[in-house]
Structure formats: structure tokens, C-alpha cells
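Chemist: Can you keep this structure in mind? I'll have questions shortly.
There are 4 protein chains.
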Amino acid sequence: MNPLVIAGKSYNSRLLVGTGKYKDFDETRQAVEASGAEIVTVAIRRTNIGQDPKQPSLLDALPPSKFTYLPNTAGCYTAEDAIRTLRLARELLDGHDLVKLEVLGDPDTLYPNVVETLKAAQVLVKDGFKVMVYTSDDPIIARQLEEIGCVAVMPLASLIGSGMGILNPWNLSIIIDRLSVPVIVDAGVGTASDATIAMELGCDAVLMNTAIAGAKDPVLMASAMKKAVEAGREAYLAGRMPKKVYQASPSSPTRGLIGS
Amino acid sequence: MNPLVIAGKSYNSRLLVGTGKYKDFDETRQAVEASGAEIVTVAIRRTNIGQDPKQPSLLDALPPSKFTYLPNTAGCYTAEDAIRTLRLARELLDGHDLVKLEVLGDPDTLYPNVVETLKAAQVLVKDGFKVMVYTSDDPIIARQLEEIGCVAVMPLASLIGSGMGILNPWNLSIIIDRLSVPVIVDAGVGTASDATIAMELGCDAVLMNTAIAGAKDPVLMASAMKKAVEAGREAYLAGRMPKKVYQASPSSPTRGLIGS
Amino acid sequence: MNPLVIAGKSYNSRLLVGTGKYKDFDETRQAVEASGAEIVTVAIRRTNIGQDPKQPSLLDALPPSKFTYLPNTAGCYTAEDAIRTLRLARELLDGHDLVKLEVLGDPDTLYPNVVETLKAAQVLVKDGFKVMVYTSDDPIIARQLEEIGCVAVMPLASLIGSGMGILNPWNLSIIIDRLSVPVIVDAGVGTASDATIAMELGCDAVLMNTAIAGAKDPVLMASAMKKAVEAGREAYLAGRMPKKVYQASPSSPTRGLIGS
Amino acid sequence: MNPLVIAGKSYNSRLLVGTGKYKDFDETRQAVEASGAEIVTVAIRRTNIGQDPKQPSLLDALPPSKFTYLPNTAGCYTAEDAIRTLRLARELLDGHDLVKLEVLGDPDTLYPNVVETLKAAQVLVKDGFKVMVYTSDDPIIARQLEEIGCVAVMPLASLIGSGMGILNPWNLSIIIDRLSVPVIVDAGVGTASDATIAMELGCDAVLMNTAIAGAKDPVLMASAMKKAVEAGREAYLAGRMPKKVYQASPSSPTRGLIGS
């Protein structure tokens, strides 16, 4: 199975997971391990990765030697804020330059502000960051983000934390069709089939947090998501049967062996 | 993980597969093995399981010591035909009594004829068969089939061979809610996410043939389906997050560590 | 515009309405008038059409000289019950023989019991009734009801009183495609667009009750439904544009008049 | 029925129509009249409204004394282009300042370029235009366009000319919920029910072209669309019944008049 390649590095898992909303770092660790994810994203303004040396650090639960960290700008509403946050993250993580940019439009919908996102992406790419970027499912914006030099484009399936699944597969299909960098569905996955559908559409990977952390049994859901992403990827590669409207055909060849 | 129990026997796999439509018995075997299925269904009127001793037999490719055979009545349009076919199967298979009953309404849609199905089920149950029964998604008929004594009820997702997926999840939900015997979605699955959705609804298992045999790479699709069914089952058991319409909440707790 | 013909009689309106669930007979009358319906259906076991001479009668609010009455068997769970109810109705209505047969499966889902429905239809047709018959969206059953001699077949869109709209347009399409008698969607319509969609599929008419009576403003909703049914019928006759996936074309011819 | 108010002017019809893609101006006129539209939009770079005095002019078929003209910038891919085109239109139409701005992202998808659209809107509003603006279904962009001073915001249902209907009703709902200026669904309507659904969501109006011009019988489809928009508006105002999942209730009150 060909690997996912982001910014020149290969990954076997096509599931990326967030680290927020868990009971404690131990549950985070168990869920992340069950998910098989190799890339974990961290809300740099909300998670202790060493800023407070007296508190437990995520770095202990998920050692950076085993996981690729993806600091994100959750909670940022302007380009300026997002840029400052990621520069701080780079310092905290000793020059780590693979980041997830998100600039939100407002705290009620958490819908991305694509204008501020474009601005921030431009600055960050010039500043040497490898930018994976959260965005809407607008195919024109997605292409502009690629042109700026983002290393992955991450359109939403639906609102962050909504669990509504993929509301507009058609826009996602256009984005997948037109971009060369990896397209990763980020936000809106609610259950396993949502992830499978995303992969069947041809997405390169899926990123989620609440769908796992918000399940009754997060660790079991993490395992479900691992399989769901793999199932979707394999189904995409296997090439599904065509849909047949109405004119059904029998499941078995029609030459009969036994007469009636 | 609790097993699937049908007629008192336990199975680890919740994916049942058909054996028709493959290039040859070798491809059938490879796909069945990749699917992890323990129960395989055979169109008794179309497949050689010993009727013609000079031709290759499915029994060699898929030894009955390893797989539970489920002879089916594909191609039967009356109760009488179906009953005769299954009695013949019982003879061919040395008294094997676990069978799949299907009585179809016409050769164009292959939609089940539920009236003839009810008739046949009554006779077959009295005759000592353990009847797994293909039917429409009519919840009243489904319950009647259970009352007659069928050991599993198998409603369609959509027309046989159509690959249209689950057209009416609401009816399936009612059936799942009301029956005590296993409910197995049979017919209409087209790709991996269809199977995942069926399991997330609470179905006990999924049966498919064309979705695997009709894929460009049947063996890889079989593997996808194995994972898809497991993913859906685990997601069902894990308890998905609630869908949140509009009022999204951030993926990470809102207490900030780093000031803006 | 060609009329709807049922049992040899022509109707201009393709909207049939129920008369239950209104505040009083005056509201019933206003809503029915706003709907433009010419056929009104009456739950013979629940509505006073003369059984109790001391109570207000629906016959006064909606004079049979202006409306075609369609006595129905709401609340009947066996063929026997339904047959008895309609014979009583025929007496009450001086030999009126156009009736709506419904035999339900249970009081929780109100899903039709198609086996009992078939039985009752056979008896009633022989007995000289012109039977319009409520049924599931099972295309085989629908055809059997036509073969028995029913004058219209009325498949559900979704459960009675649910307002869920058309859950399985594919089954409806098969029914529409295969039957010669009028196909009337009955039950499940919740709002105007549901009725429009039913007509766009090619249904001959739509029957509803709760969607109008259960709206906040039933009379305004009745007017909406009148227009919705007409809109759907006209759109069906006008022949919609093909859906174009992805490759969009400009709304205006591409020869430019003004240079850029 | 309360009227649609745009930039201080009231309209009785909530259906706006394009004028392109018809056989000739006579068919355009018949379809527009059948639609009941009071506002007609004109691709200023493709339609003769006097630029070429020797050719038939749309102004003769649809006299500006009877219809409100809405010059649009179809075919413009930059803010600059769109601004120049609308200034030209203002000259051609003697100072007419109500315009429809659209800036597209590329000629293949015709998806809006929201960044260029924002730029052009800012300039045009300052320049005294009353700007109705075509945009994506991005709720953040929609609000920014309102803040700039656009008099109506016109999100797409799906790609221009695709007839795919409303792909993401959730985003539309957020936009409707948050904006004070009229929200008009523009692009993507394919058949009558699409228009009804848009209005039921709470849109203030619908604009379409291909759905009418591309139907087999455009004039009949125009009539269908008139009714569809009215039906949707009335249903929205009437307040639909709640959807009831599973627990159906009988269409008629359960007190029986006739014993069984």
C-alpha cells in the first residue's frame, strides 16, 4: 500500500488525530495508540507541551520520538494571532516547522476565515514553515492555498465538533481532482462511516478529534476509525462496482445447473 | 468482542459473502479468504457443489470443514421452487439444514416476493430447516418471518446487484429495534462505507456478493469490506458522539494556556 | 393540463386531503378549500358522517355534492375489520363505492400489513368496490394490487404522520414505471417540497393529512400544498434540465458582446 | 403576504430569472412572463441591451418600464473586470445602479472567487452601486459582504448550470440566520422542488436561469418555478409539522366512533 507523503516524509497511517477533549493524558495516549495515528495535532494555546513545567506535559504521554507533532492554531481568529502562535510553537518544539494553520471566522460556528487564512499562509510559507492548512470546501481557495506553497490542504467535512459528516462531497471531489498536494478532510467526521466515505472520495487522509474523544468509548472508537480509514482507502484503490439504477442483475451467473 | 450467533452457533466474522460472479473458483477462494468470512452462500441452482462430478466443485475451493455453507435459492420465483431447491441442497450436503431462502418477485428488479417468501418459510421451518431469510425492508413482514421461526432475517439495503447502498435506513432501524433474531443486511451494498453504515445502524451482520466480485480488484475490496464491517461494529459499540447542528464547539477545551 | 382519472372519473386537482386532526369542522373546511382538493378522505371509524345524528357532521362542512368522498379504514388491523368498515360506509353513504383501503401492521409504526391488504382488496374488488389502496413501497405488492383490480395504488412516502418525506424515491420510481393505474403517494409528506418531489418523480397525485392539519397555519399550508403539487406536476411535464456533475457551463452563451 | 424588499424597493415575486440560453428573445419573454419575475438579470457582456443598435435588443422584449433590470458580470474573473463591466452597464442603462456582482474562479467550475468578489464589492459600494452579490455558501464571507454594504447576498445552491440543487442546506441556514439583508439562492437550482426547498429553508428569494431555459418546455417550467417558489414561501410562513422519527401517530384522532 503506497504511503501518505507530506512535505517529503512518508506515513503508513492515513488517520491524523487531535489530542484535546480527553479525560486526561492517559486516555489521550490510549486512544491515539488505538487509532494507529502517526501524526498528532496539538492546540498550542490550550495544551501543555512544556510551557508550564509544573503540569503534566503531552510530550510525556506521546513522545515526539514516536509521533509527528502538528501544532495548530485552534482559537485564533486573525492571521496575526495564528502567525504569532506558530512562531511560539516552533520555539517550544526546537525549530519544528510542520504546522497546522487554522484561522476561524467566529467562535459560534468555528467556520474558517479563508481571507485571513490566505494571508497567514503566505507569511508562514515565506517564513519557512511547512504549512498544512485548514480551510472550507471552496475549491478556488483550496487551489490558492496550494499555489502559495502549503504542503497539505485540509478542507472541512462540516463544522468543527459537529459530527455532521461530509455535507458536500461534490466540492471535496473537485478539490481532490485539482490539487497535487495531499487533501486531508479535517473537521466534521462524526462516526466511522464518515471517515470511510472521505477516503472513498479519494482524500489522502482524515483528521479528527471529537469523533474519537466524544464517543462513549473513545479507545474503541479510535480502533473503529483506524479500520474505517483503511477500509475507505482500500475500497478507493480496489475500484468499486458501478451503481446500477433499477436494472438489477442476479448476484450469480444466470446459467442454471439444476433445472426447476 | 461478542460473537454473532446464528441458530446457536457462534461466528467471529460479521461479514457473509456470496460465491458467484468471480472469474474462477480460485479468485472466489482468494476473495473469500481476504474477507475473513466464515459463512459463504451458494446459489444451489447455479453452482457446482457436486451435482456435476466432472466439473470443478466449489467444495474443493472452499472446504466445508473451514466454511459454513449457506445454500440459497437465487433464481426461484415461487415458494414451491424454493422449497424444492433447498430440499435438494440438503441432500447434496448430507443433511445440512442452515439455508438462505430467497423468493424473488421478477427477474428485472429481483425484488423479493414477500408473500411467497412467507409461504416458503412456513413450510421450511416445519420441515426442520434453519431458515435465514432474504426479504424487503418491510418491518411487519420482517416480524412475521421471525414469528414463523426463521433464525435470521435479512432485509435488503437496495436491489440485488445494484450497489446503491442503504436506501431506507429508517425501515432498517425499525426492524433492528423490533426483532430478536439477528438482522443481516443482504443485497445492495456497493462499497465499504455502505457496510459500515449498516453496522452502525445496529445490524448484526452484512451479506454481499457483487460489491466484492464486481470491484476492479475483488481481493482488495474483500479486505476493505472486512475492515468496513469491523469498523462499523466497533463504532456502534463505542457509541458515537451526538450530532450537533450549527452550534459547534471547539475541538479543544477553551481554557487557554498561552495568552494572545 | 390533462386531468387525473380515477375509476373513470376526471379530477383537475392532483391533491387529495384527509379531514382528521383539525380543530373543528370549520377549520377542516377552510383548509380543504384552500387546498383545492376535490377528493377528501374520511376515517369512517372516527368521523361523524351521520352515524351520530346529534353531533355535527362532516357532510355539512364538506357537502358531497362538491367533494368526492373517500371513506377509509384508518384504525383497521385485519382484512376482516377493513371489509366490515367499508361495507358500513357504503351503507352510510347510500351505495358510494369509491373507497380507500388501509390495513395497518401495528399501532406503533402504522406501517401497512401488505398480506392483509391483499386479502381485503381481493374481497372488496369482487364485492363491487372501487378500491384505492394504501400500501408500502414494495413494487411487487403494488403490482399485485393492480392485478387484483384496485383503481389506484397508494404507496407511502414514509410512516403515517411522520412528516419524514420520501424515504425511498427509487422504489416509488419502479412502481410508477410499472403500473398503469394512478400511483398516489400517501403518507409521510411533511412539507411542500415533499409533495413537489413526489410529483416530479411522476406520481399521479399526492394524499396528505397531517402535513396540512399539523402545520401552525393549516390554511396557509393547504395553499402551499396546492401550489407544490401543481409545481411538481408542471416540472414533470416540462422535462427538467439534466444534472451536470462538475463540468458546469456558464448560464449565458459564451459569445461575448463587450470585450474585456 | 409581505413583499421582498431590496434596496428599499418592494417586489411581489420572489423569483428572479436570468435571460440567457433561450432560443430567441421571444422565448425569453414568454418564459419570463410565465415565471412572474419582476427582476431579470442580464449578462452585460453577452446580451445586447443597446450596445449594437442593428441587432434585436432585450430591452424591446422585456421593457425596463415593466421589469427591474439587474445587469450582471457573468464571464468576469477579476475584480477589475467586474467593476469595469458594471460601470459600462450603468452608462448603457442611464445611471441604473442596482447590479449583480459575480466574480468567478475559473471557467471550468464557475465557482465564485470570493477574494476578488470582496474586493470588487468594496469598490462598487463606495462607487454608489447597489450591489447584489453572488458568492459561495461560506457564512463568514456572506457576512463580510453584508458588512461591506451589499444590498443582497446570493449564495450558490450548487455550481452554475449544474442543476444539482441545494448541496449544503446547513451552510445556507447559517447564512439566513445571521444576515439582515435578503439572502437569495443563486445558481444550482435544477427543478421545481429545489426552489421550494430553498424557500422552506427561509431564503428570501431564488434566482435561476438554466433550470428554466434548459427545460424541454421552458415556458411550462417557468410556470412551475413560479408556483414552486410561492409554495416554498407559504410553507415557510405556515410553519411545517415537526418530523417524527419512528413513533408515528395515526392521521386521525384515536377516539373511535364505530366499534370494531
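Chains as they are written, first to last, in numbering that gives the first Met the number 0: chain A, 0 to 259; chain B, 0 to 259; chain C, 0 to 259; chain D, 0 to 259.
All C-beta atoms, glycine included, are put in the ideal place defined by N, C-alpha and C.
None of the values given here were measured: they were computed from a predicted structure.
#1: Taking Val180 of chain B as the reference, give the member of B:Trp169, B:Gly201, B:Ser161, B:Gly160 with the closest Cα.
#2: Looking at the unbroken beta strand (DSSP E) that takes in Val114 of chain A, where does it start and where does it end?
#3: Checking contacts by CB at 9 Å: is Pro111 of chain A closer than that to chain D?
#4: Mapping DSSP to helix, strand and coil, what is Leu166 of chain B?
#5: Nearest CA to the CA of Asp105 of chain B: which residue from B:Cys149, B:Lys242, B:Val130, B:Leu158?
#6: What would DSSP say about Lys129 of chain B, mapped onto helix, strand or coil?
#7: Got a sec, what are the start and stop residues for the alpha helix (DSSP H) Gly231 of chain A sits in?
#8: Using 8 Å for Cβ pairs, my map puts Leu123 of chain D next to Leu91 of chain D. What's the rounded Cβ distance?
#9: Are the C-beta atoms of Pro181 of chain C and some chain D residue less than 9 Å apart?
#10: Could you give the DSSP three-state label for Val150 of chain B: helix, strand or coil?
#11: Once DSSP output is grouped into helix, strand and coil, what is the label at Pro241 of chain D?
#12: Could you say which of A:Val4, A:Arg13, A:Gly7 lies nearest to Val228 of chain A if we only look at CA atoms?
#13: Mark Lys99 of chain C as exposed unless 16 or more other C-beta atoms lie within 10 angstroms of its C-beta, in which case mark it buried.
#14: Taking the beta strand (DSSP E) that Thr27 of chain B belongs to, which residues open and close that run?
#15: Would you verify that the beta carbon of Gly148 of chain C is, or is not, closer than 9 Å to some beta carbon of chain D?
#16: According to DSSP, Lys99 of chain C sits in a beta bridge with which residue or residues?
#17: Start and end of the alpha helix (DSSP H) containing Ala88 of chain B?
#18: Kindly list, in the order they appear in chain G, the residues whose Cβ is closer than 8 Å to that of Ile196 of chain C.
#19: Since Asn71 of chain C and Thr40 of chain C are thought to touch, with beta carbons under 8 Å apart, how far apart are those beta carbons, to the nearest angstrom?
#20: For Ser172 of chain A and chain B, any beta-carbon pair shorter than 9 Å?
#21: Quick check on Asn167 of chain C: buried or exposed, where buried means 16 or more other Cβ atoms within 10 Å of its Cβ?
#22: On the three-state DSSP scale, how would you describe Ile211 of chain B?
#23: Return the CA-CA distance between Leu58 of chain C and Asp25 of chain C, expressed in angstroms with no decimal places.
#24: Short of 6 Å in beta carbon distance, which residues of its chain neighbour Gly189 of chain B, apart from the five on each side in sequence? Order them along the chain.
#25: Assuming Ile183 of chain C and Pro138 of chain C make a contact with CB atoms under 8 Å, what is their CB distance in whole Å?
#26: Given a limit of 9 Å on CB to CB distance, which residues of the region 124 to 142 of chain C reach chain B?
#27: Looking at the C-beta of Ala78 of chain C, does it have a partner C-beta in chain D at a distance below 9 Å?
#28: Val122 of chain B CB to nearest chain C CB: under 9 Å?
#29: Would you mind reading off the limits of the beta strand (DSSP E) that contains Ser9 of chain A?
#30: If you count every other CB in all the chains shown that lies within 10 Å of the CB of Asp136 of chain B, and 16 or more means buried, which is it?
#31: Confirm the yes/no value for this check: CB of Ile173 of chain B, any heavy atom of the ligand ADP, distance under 8 Å.
#32: Measuring CB to CB, does Asp193 of chain A end up less than 9 Å from Gly238 of chain B?
#33: Chain A beta carbons: is any one of them nearer than 9 Å to that of Ser259 of chain C?
#34: Taking just the CA atoms, how far does Gly7 of chain C sit from Ala42 of chain C?
#35: Count the other C-beta atoms from every protein chain shown that fall within 10 angstroms of the C-beta of Gln54 of chain A, then say buried if there are 16 or more, exposed otherwise.
Modeler: Walking through what the data contain:
#1: Working through the second sequence from its first residue, we reach residue 180 of chain B at position 181. Taking only the C-alpha atoms, the option nearest Val180 of chain B is B:Gly201.
#2: Within the first sequence, residue 114 of chain A is the residue found at index 115, counting from 1. Run containing Val114 of chain A: none in the beta strand (DSSP E); it sits in the alpha helix (DSSP H), 113 to 125.
#3: Start at 1 with the first residue of the first sequence, and residue 111 of chain A comes out as number 112. Judged by the 9 Å Cβ criterion, Pro111 of chain A is in contact with chain D.
#4: Here the question's residue 166 of chain B lines up with position 167 in the second sequence. When DSSP states are grouped into helix, strand and coil, Leu166 of chain B belongs to the coil group.
#5: The residue given as residue 105 of chain B occupies position 106 in the second sequence. Measuring from the Cα of Asp105 of chain B, the nearest candidate turns out to be B:Leu158.
#6: As a first step, residue 129 of chain B must be located in the second sequence, where it is residue number 130. If DSSP states are grouped into helix, strand and coil, Lys129 of chain B belongs with the strands.
#7: Indexing the first sequence from 1 puts residue 231 of chain A at position 232. First-last of the alpha helix (DSSP H) with Gly231 of chain A: 217 to 237.
#8: Here residue 123 of chain D corresponds to residue number 124 of the fourth sequence, with the count starting at 1. Here residue 91 of chain D corresponds to residue number 92 of the fourth sequence, with the count starting at 1. The pair is not a contact, with the Cβ atoms about 16 Å apart (cut-off 8 Å).
#9: Translated into the one-based positions of the third sequence, residue 181 of chain C becomes position 182. By this cut-off, Pro181 of chain C is not an interface position.
#10: For the purposes of this step, residue 150 of chain B is taken as residue 151 along the second sequence, with counting starting at 1. In the three-state DSSP reduction, Val150 of chain B falls in the coil class, being neither helix nor strand.
#11: Reading the fourth sequence from its first residue, position 242 is the one you call residue 241 of chain D. DSSP places Pro241 of chain D in coil when its eight states are reduced to three.
#12: Counting from one through the first sequence, the residue named residue 228 of chain A turns up at place 229. Checking every option, the nearest Cα to that of Val228 of chain A belongs to A:Arg13.
#13: Here residue 99 of chain C refers to the residue found at position 100 when the third sequence is read from its first residue. With 16 or more other Cβ atoms within 10 Å, it is buried.
#14: To locate residue 27 of chain B, count along the second sequence from 1; it is residue 28. Counting along the chain, Thr27 of chain B falls outside any beta strand (DSSP E), though it belongs to the alpha helix (DSSP H) covering 24 to 34.
#15: Walking along the third sequence from the start, residue 148 of chain C turns up at place 149. No, Gly148 of chain C does not count as interfacial toward chain D.
#16: Position 100 of the third sequence, counted from the start, is the residue given in the question as residue 99 of chain C. For Lys99 of chain C, which the question treats as bridged, DSSP gives the partners C:Asn71, C:Met131.
#17: Sequence index remark: in the second sequence, residue 88 of chain B carries index 89 (1-based). Judged by DSSP secondary structure, Ala88 of chain B falls within the alpha helix (DSSP H) whose first and last residues are 78 to 91.
#18: No chain G appears in the structure shown, which is made up of the protein chains A, B, C and D.
#19: Here the question's residue 71 of chain C lines up with position 72 in the third sequence. Here the question's residue 40 of chain C lines up with position 41 in the third sequence. Contact holds; Cβ gap of about 5 Å.
#20: Within the first sequence, numbered from 1, the residue matching residue 172 of chain A stands at position 173. For Ser172 of chain A, the answer is no, since every Cβ of chain B falls outside 9 Å of its Cβ.
#21: For this step, residue 167 of chain C is matched to residue 168 along the third sequence. The residue is buried, with at least 16 neighbouring Cβ atoms inside 10 Å.
#22: On the second sequence, position 212 is the one that residue 211 of chain B refers to. Looking at Ile211 of chain B - three-state DSSP - the assignment turns out to be helix.
#23: Walking along the third sequence from the start, residue 58 of chain C turns up at place 59. Walking along the third sequence from the start, residue 25 of chain C turns up at place 26. Approximately 12 Å between the Cα atoms of the pair.
#24: In the second sequence, residue 189 of chain B corresponds to position 190, counting from 1. Answer for Gly189 of chain B: Gly162, Gly164, Ala210, listed in chain order.
#25: Locating residue 183 of chain C in the third sequence gives position 184, counting from the first residue. Locating residue 138 of chain C in the third sequence gives position 139, counting from the first residue. So it is not a contact: roughly 15 Å between Cβ atoms.
#26: Ser135, Asp136, Asp137, Pro138, Ile139, Ile140, Arg142
#27: Position 79 of the third sequence holds residue 78 of chain C. No, because no Cβ of chain D sits closer than 9 Å to the Cβ of Ala78 of chain C.
#28: Here residue 122 of chain B refers to the residue found at position 123 when the second sequence is read from its first residue. No, no contact with chain C.
#29: Position 10 of the first sequence, counting from 1, holds the residue named residue 9 of chain A. Residues 8 to 10.
#30: In the second sequence, the residue the question calls residue 136 of chain B occupies position 137. It is buried - the Cβ of Asp136 of chain B has at least 16 other Cβ atoms within 10 Å.
#31: The model on display carries no ligand, and the ligand ADP is accordingly not part of it.
#32: Taking the first residue of the first sequence as position 1, residue 193 of chain A is located at position 194. Taking the first residue of the second sequence as position 1, residue 238 of chain B is located at position 239. Cβ atoms of Asp193 of chain A and Gly238 of chain B: not closer than 9 Å.
#33: Locating residue 259 of chain C in the third sequence gives position 260, counting from the first residue. Residue placement at Ser259 of chain C cannot be trusted, given a pLDDT of 32 that sits under 50; the coordinates are not used to answer.
#34: Within the third sequence, numbered from 1, the residue matching residue 42 of chain C stands at position 43. Within the third sequence, numbered from 1, the residue matching residue 7 of chain C stands at position 8. Near 24 Å, if we compare the C-alpha coordinates of Gly7 of chain C and Ala42 of chain C.
#35: Here residue 54 of chain A refers to the residue found at position 55 when the first sequence is read from its first residue. By the Cβ neighbour-count rule, Gln54 of chain A is exposed, with fewer than 16 other Cβ atoms within 10 Å of its own.
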